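Accompanying notes for the structure given below.
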Amino acid sequence: MLDYPALRAVATIVQTGSFERAATVLNVTPSAISQRVKQLEERLGVVLIVRGTPCTATEKGEWLCRHMENVGMLEAELFGQLPALVDPDEPRQRVTLQIATNADSLGTWFVEAMSNFAKSSSYLLNVAVEDQDHTAEWLQRGRVIAAVTSLEKPVRGCRRFALGVLRYHATATPDFVARYFPQGVTSEAIRNAPALTFNQKDRLQSSWIRRTFGRDLDYPTHWLPSPQSFVEASLSGMCWGMNPTQLTCEHLASGRLVELVPDTPLDVPLYWQINRLAADRLADLTREVVTVAKRRL
1 MLDYPALRAV
11 ATIVQTGSFE
21 RAATVLNVTP
31 SAISQRVKQL
41 EERLGVVLIV
51 RGTPCTATEK
61 GEWLCRHMEN
71 VGMLEAELFG
81 QLPALVDPDE
91 PRQRVTLQIA
101 TNADSLGTWF
111 VEAMSNFAKS
121 SSYLLNVAVE
131 DQDHTAEWLQ
141 RGRVIAAVTS
151 LEKPVRGCRR
161 FALGVLRYHA
171 TATPDFVARY
181 FPQGVTSEAI
191 RNAPALTFNQ
201 KDRLQSSWIR
211 RTFGRDLDYP
221 THWLPSPQSF
231 VEASLSGMCW
241 GMNPTQLTCE
251 HLASGRLVEL
261 VPDTPLDVPL
271 YWQINRLAAD
281 RLADLTREVV
291 TVAKRRL
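Okay, structure coming up:
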């Protein structure tokens, strides 16, 4: 038999980040929460919670958290049909869905889809940000129940939906281009022109260089993990960067930004992958994601 009070304690600790806040949510003492987790970990022979500030789940703990998400969805469906099962004295437990997306989707179209879904749903959302090439790993490890990813191959146990492509342009200000590329955007010049990179997982600049010049080239770079600030940094003249069409179209039209090499966009196909066990119950979520993506990408 599964010890659901203990499983719920683990999930709530991960969601709130601490034993104390989890105790408040579940209306029990911190000691009771600690005892439940300790007994479950001893029974399973694995650590489920990494104690810290905040507390986080281990890989095994994450799988238990996703299981509790599915249980929460099943219970919500059941209580809707049989409301007499609900104990009016117990605090209402709302299910929080763990979802991953890439930063540029979050900065351009994904919030609209999440907002549309949240307005007509009782679910809460916890949206994590990861590079589109790595969000599928979160699904595989059980960290999230659904993700926007560049992985075309369906993750095991998931359904996949094509969303469209997120188009990027290598952009900079006219002054930056005049300063660093007086003889044109050559492979030698690109080695001296500072670029902008989101984080160590960001390969957009390297992919554009490889496609444009036919080979990999080293280049200097600044680092800035923010899509909006990416555009602002490009507009400031400090760098060139790969920026989504949705965030740069007006600047390109006005001439504040220009493409380093005209008509060399980089298209990144995106997919929505969702855990098959939850897919039917979250059909409204998938519909909003696909509908908004088809319109905005």
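Just so we're aligned, residue 1 is where the sequence shown starts under the UniProt record's numbering, counting upward by one.
Here a beta-carbon is modelled for each residue, glycine too, at the ideal position from N, C-alpha and C.
Small disclaimer: the values here were computed from a predicted structure and weren't measured.
Span of the alpha helix (DSSP H), counted from its first residue to its last, around residue i
i: Pro265; result: Taken as a continuous stretch (DSSP letters only), Pro265 belongs to no alpha helix (DSSP H), as it is neither H nor E.
i: Ala283; result: Ala283 to Arg296
i: Trp208; result: Leu204 to Phe213
i: Leu74; result: Glu59 to Gln81
i: Asn116; result: Val111 to Lys119
i: Pro244; result: Segment Gly241 to Pro244 is the beta strand (DSSP E) holding Pro244; no alpha helix (DSSP H) there.
i: Thr16; result: Tyr4 to Thr16
Which of helix, strand or coil DSSP assigns to residue i
i: Thr101; result: strand
i: His222; result: strand
i: Val148; result: strand
i: His251; result: helix
i: Gly107; result: helix
i: Ala193; result: coil
Bounding residues of the beta strand (DSSP E) (the contiguous stretch that carries residue i)
i: Leu125; result: Leu124 to Val129
i: residue 298; result: Because residue 298 is not part of the residues shown, which for the chain are 1 to 297, the question remains open.
Alpha carbon of residue i to alpha carbon of residue j, nearest angstrom
i: Gln228; j: Glu41; result: 43 Å
i: Pro244; j: Phe230; result: 10 Å
i: Asn126; j: Leu252; result: 34 Å
i: Arg36; j: Glu112; result: 39 Å
i: Leu2; j: Ala76; result: 19 Å
i: Val28; j: Ala279; result: 33 Å
i: Asn275; j: Glu259; result: 39 Å
i: Tyr4; j: Ile99; result: 23 Å
i: Leu297; j: Asp104; result: 11 Å
i: Cys65; j: Pro182; result: 56 Å
i: Phe110; j: Gln93; result: 26 Å
i: Leu257; j: Glu250; result: 9 Å
i: Thr171; j: Met242; result: 6 Å
i: Asp216; j: Leu196; result: 16 Å
i: Trp208; j: Ser122; result: 42 Å
Nearest to residue i (by Cα), restricted to the options the options
i: Trp240; options: Ser254, Tyr4 and Ala189; result: Ala189
i: Val46; options: Lys60, Cys55, Gly52 and Gln35; result: Lys60
i: His222; options: Gln205, Asp104 and Tyr4; result: Gln205
i: Glu130; options: Ser122, Glu77, Leu139 and Arg43; result: Leu139
i: Leu151; options: Ile33, Glu137, Gly142 and Gly157; result: Glu137
i: residue 300; options: Pro225, Gly142, Ala23 and Gln183; result: Only positions 1 to 297 of the chain appear in the structure, and residue 300 is not among them; the question remains open.
i: Pro194; options: Gly214, Ala233, Ser207 and Arg256; result: Ala233
i: Gly237; options: Arg179, Asp263 and Thr186; result: Arg179
i: Phe19; options: Gln39, Asp133 and Gly52; result: Gly52
i: Thr135; options: Ser122, Thr149 and Tyr123; result: Thr149
i: Pro262; options: Leu48, Pro225 and Val177; result: Val177
Beta-carbon separation (whole angstroms), residue i vs residue j, contact threshold 8 Å
i: Thr173; j: Leu235; result: 7 Å
i: Phe117; j: Leu285; result: 5 Å
i: Val25; j: Tyr168; result: Between Tyr168 and Val25 the Cβ distance is about 41 Å, and since that is not below 8 Å, they are no contact.
i: Val50; j: Thr58; result: 6 Å
Check: residue i C-beta below 7 Å from any heavy atom of the ligand GDP
i: Thr173; result: With respect to the ligand GDP, the structure offers nothing, as it holds no ligand at all.
Residue-chain proximity (residue i, chain B), Cβ-Cβ < 8 Å
i: Tyr219; result: Note that chain B does not occur in the displayed structure, where there is just one protein chain.
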